[in-house]
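Residue numbers (this note's numbering): 56 to 179. The structure appears right after this line, and notes come after that.
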């Protein structure tokens, strides 16, 4: 029996531009994957292993997969939106608890149906 891979969907349901990943957690159904709402990254302190994340991102024009974690070694913050998640990922990395990281990034203010279509292609 194969194990279901969790994808942690980060966001804030009360801030429109930061709520899409949380909304998609309820709507995406992909065999072999469970979409888990993550309102705060602090639960990651008890996590170890490979990490799959769904979140909104600035500066992109389509849904993208980010596997390069070199931004963790940078002291330069990507944006205030990314601060908490970047901090916890960096801490997990330094503790040796972080495996492979795959971030499914959705552009800010992106069409929900378009995001679902693109994510299904990227994740399946």
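From the three backbone atoms N, C-alpha and C, an ideal C-beta is built for every residue, glycine too.
query	result
Specify the secondary structure class of residue 163 as computed by DSSP and reduced to three states.	coil
What does the alpha-carbon distance come out to for the pair residue 75 and residue 114?	16 Å
Going by CA-CA distance only, name the one from 73, 170, 97, 162 that's closest to residue 147.	97
Where does residue 120 land, buried or exposed, given buried means 16+ other C-beta within 10 angstroms?	exposed
In whole angstroms, what separates the C-alpha of residue 172 from that of residue 60?	19 Å
With distances taken from CA atoms, which of 122, 170, 175, 174 is nearest residue 158?	122
Does the beta carbon of residue 159 fall short of 7 Å from some heavy atom of the ligand NAP?	Among the components modelled here there is no ligand, and therefore nothing to report on the ligand NAP.
The beta strand (DSSP E) with residue 81 in it runs from where to where?	Premise fails: residue 81 lies in the alpha helix (DSSP H), 75 to 82, not in any beta strand (DSSP E).
Excluding the 5 residues preceding and the 5 following residue 135 in the sequence, name in chain order all residues of the same chain whose CB lies nearer than 6 Å to its CB.	A caution first: residue 135 carries a pLDDT of 40, below 50, which makes its placement in the model unreliable, though a value can still be read off. None.
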